[in-house]
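So the sequence shown is residues 3 to 213, counted in this note's numbering.
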Amino acid sequence: MSYRPVFISAVFLLLFAVIGSGLVAFTFDSTADRIAENQRRALLKSLNELVPVDRYDNDIFSDILRVRDPELLGSEEPVPVYRARKGGWPVAAVLAVIAPDGYNGSIRLLVAINLDGTLAGVRVVQHRETPGLGDGIEADRSDWILGFAGKSLTNPDKKGWRVKRDGGVFDQFTGATITPRAVVKAVHKALLYFQLHRQKLFEKAPEATDT
């Protein structure tokens, strides 16, 4: 029995595997920068929806502090805080927090808080909530998320920071209470964190952790 055909087939299979792996690696390398840039633009767009460009003159995307508080920020890992300044003076901080108790998992949020402790706004960055029910938290699905603007720890008071079904002031969605409940709780906790760490959040040193 000749082993030559088997050997040739094995060589061809090996060559195809090497070429295929090379093409995958090349494609990944050539698109990685583009994907990163698209993600950066999407994030910057969301940041500018919350804190308009005429309110700050620093590089908000690079002026970052990384902080950690599993209880108030919803993550065991440090999360970024984007700082907006004008003329060197603090304007607002945008906290990338997580609501860990959504209906279908974690909900990632950007919570923008003005220096005086009022909310500049909130946006959902990522979620897996049920389409047609829980996805009403998206700004392009409904105006529900826009209702946070102007709110603070005293407007409403602590009891008011709940959905209406729980005795608070925030609407829930028909057939979906868990999702808005999770978002309201996460935003309230972000405000509490800001109140506790307001001064440190605007320190100049970048990339600090465990505030």
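C-beta: ideal position from N, C-alpha, C; glycine also.
Proximity winner among the options, relative to residue i (alpha-carbon distances)
i: residue 167; options: 182, 196 and 155; result: 182
i: residue 88; options: 53, 100, 112 and 109; result: 53
i: residue 132; options: 33, 36, 117 and 104; result: 104
i: residue 180; options: 137, 113 and 118; result: 137
i: residue 144; options: 116, 118 and 173; result: 173
i: residue 184; options: 46, 43, 48 and 106; result: 106
i: residue 199; options: 60, 117, 142 and 127; result: 117
i: residue 1; options: 60, 51, 113 and 61; result: Nothing in the structure corresponds to residue 1, since the chain is present only between 3 and 213.
Pairwise C-alpha distance: residue j and residue i
i: residue 56; j: residue 93; result: 11 Å
i: residue 58; j: residue 41; result: 21 Å
i: residue 213; j: residue 79; result: For residue 213, the predicted structure reports a pLDDT of 48, less than 50, and the residue's modelled location is therefore unreliable. A value from the coordinates is still provided. Between residue 213 and residue 79, the C-alpha separation is close to 12 Å.
i: residue 121; j: residue 188; result: 13 Å
i: residue 192; j: residue 21; result: 49 Å
i: residue 44; j: residue 177; result: 30 Å
i: residue 275; j: residue 119; result: A question about residue 275 goes unanswered here, because the residues of the chain that appear run from 3 up to 213.
i: residue 71; j: residue 34; result: 31 Å
i: residue 216; j: residue 49; result: With the chain covering only 3 through 213, there is no way to say anything about residue 216.
i: residue 62; j: residue 141; result: 22 Å
i: residue 36; j: residue 64; result: 19 Å
Cβ shell of residue i (< 8 Å), same chain only, five flanking positions each side left out
i: residue 83; result: 66, 67, 68, 69, 95, 96, 97, 98 and 203
i: residue 219; result: No answer is possible for residue 219: it lies beyond the span of the chain, which begins at 3 and ends at 213.
i: residue 170; result: 158, 161, 162, 163, 164 and 186
i: residue 139; result: 109, 126, 129, 131, 146, 147, 181, 182 and 185
i: residue 205; result: 67
i: residue 115; result: 94, 95, 96, 97, 121, 122, 192, 193 and 196
Run of the beta strand (DSSP E) containing residue i, from where it starts to where it stops
i: residue 182; result: No beta strand (DSSP E) holds residue 182; the alpha helix (DSSP H) holding it covers 180 to 203.
i: residue 72; result: No beta strand (DSSP E) holds residue 72; the alpha helix (DSSP H) holding it covers 72 to 75.
i: residue 2; result: Residue coverage of the chain in this structure runs from 3 to 213, which leaves residue 2 outside it and unanswerable.
i: residue 109; result: 107 to 116
i: residue 103; result: 91 to 104
i: residue 87; result: 81 to 88
i: residue 214; result: The first residue shown for the chain is 3 and the last is 213, placing residue 214 beyond what the model contains.
Nonlocal neighbours in the same chain, by C-beta distance under 7 Å from residue i, ignoring five residues either side
i: residue 90; result: none
i: residue 201; result: none
i: residue 47; result: none
i: residue 190; result: 163
Integer Cβ distance of residue i from residue j, believed to fall under 8 Å
i: residue 101; j: residue 76; result: 6 Å
i: residue 109; j: residue 125; result: Rounded, the Cβ-Cβ distance is 11 Å, inconsistent with contact.
i: residue 135; j: residue 175; result: 6 Å
i: residue 86; j: residue 123; result: Actually they are not in contact, since the Cβ atoms of residue 86 and residue 123 sit about 12 Å apart, beyond 8 Å.
Same chain, Cβ closer than 6 Å to residue i, neighbours up to 5 away in sequence not counted
i: residue 153; result: 121
i: residue 60; result: 87
i: residue 51; result: none
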